[in-house]
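What follows is a set of notes on a single structure, which appears directly below.
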Amino acid sequence: MKKSTTGLLLGSALVVGLAGCATPNTTPSSDRPWYQQPVTCGIAGSLIGGSIGYATSGSSDEEEGAATGAVAGAAIGALLCADRTPAPVAEPEPMPEPEPEPEPVPDFEPVTLSSEVNFAFDSDALTPAAESTLDEVARRLREHTDVRIRIEGHTDSVGSAQYNQGLSERRANSVRTYLESQGVAGDRMIAVGYGLERPVASNDTDEGRALNRRVEIDRQ
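With mature numbering (1 follows the signal peptide of the UniProt record, and there is no 0) applied, the sequence shown corresponds to residues -21 to -1, 1 to 199, in that order.
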């Protein structure tokens, strides 16, 4: 093979190899190694292709050998330039957040005020002992503003039903008024008197009648 023909062959292979590796963006890729840059791959493919063309051509088939080398150079250059970066693995969908548990219902223990300790005799006036107990009730109600209460007044069976009804109502309202004075909103409380209608013990004994004379505070 003539030297000029050999040069032409290598030159053709170089051009074809570079063309095979050409990309729209000619700027070297910063995230790929130097040996996978398009220019490097093109040169390497061209040289290899040129060598193949030189080796496979004779003096009588220079053009055919050149074509073979050019095609081989382009293919080799493309192989060298191929992006072998692994495809990104799709990240799993985040697990849905669990539903928040509902807020526990504020606890409110019922309170019973006995008449003997918490009210003056035959009166709706609160004693200091009653006010001390109601101060604690008011504190709990201020902490749990969604709690509504029912204040019930009760009496024993001594005296007329009408009198006992009025006394039970006055005592229930006395408790409600005191709790309001301690910062509990009035619309959170209901005061009602039942007189002698709802005894919790027998009215035939002193002990039973004492249990029946009471004011009860509970949730609505």
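Ideal Cβ placement from N, Cα and C applies to all residues, glycine included.
Bear in mind the structure is a predicted one, so any value in this text is a computation, not a measurement.
Asked                                                                                                                                                                                  : Found
Leaving aside the five residues before and after Asp185 along the sequence, list all residues of the same chain whose C-beta is less than 6 angstroms from its C-beta, in chain order. : none
Do His133 and Val90 come within 9 angstroms of each other at the CB atom, strictly closer than that value?                                                                             : no
Does the Cβ-Cβ distance between Tyr157 and Leu120 come in under 9 angstroms?                                                                                                           : no
State the DSSP-derived secondary structure class of Gly187, mapped to helix, strand or coil.                                                                                           : helix
For Leu151, report the span of its alpha helix (DSSP H) as first-last.                                                                                                                 : Just to set this straight, residue 151 is Ala in the shown sequence, not Leu. Unbroken alpha helix (DSSP H) run through Ala151: 140 to 160.
Comparing alpha-carbon positions, which option in Pro67, Asp125, Ala99, Ser102 lies nearest Phe87?                                                                                     : Asp125
Please list, in chain order, all residues of the same chain as Gly165 whose beta carbon is under 6 angstroms from its beta carbon, the five residues on each side excluded.            : Glu159
Looking only at its chain, what residues have a beta carbon closer than 8 angstroms to the beta carbon of Asn97, apart from the 5 residues adjacent to it on each side?                : Leu105, Thr106, Ala108, Ala109, Thr112, Val194
Quick one: is Ser139 buried, meaning 16 or more other Cβ sit within 10 Å of its Cβ, or exposed?                                                                                        : exposed
Count the other C-beta atoms from every protein chain shown that fall within 10 angstroms of the C-beta of Ser153, then say buried if there are 16 or more, exposed otherwise.         : buried
Report yes if the C-beta distance between Leu175 and Gln144 is below 9 angstroms; otherwise report no.                                                                                 : yes
Closer than 7 angstroms by C-beta to Ser94: which residues in its own chain qualify, once you throw out the five before and the five after it? Chain order, please.                    : Arg192, Arg193
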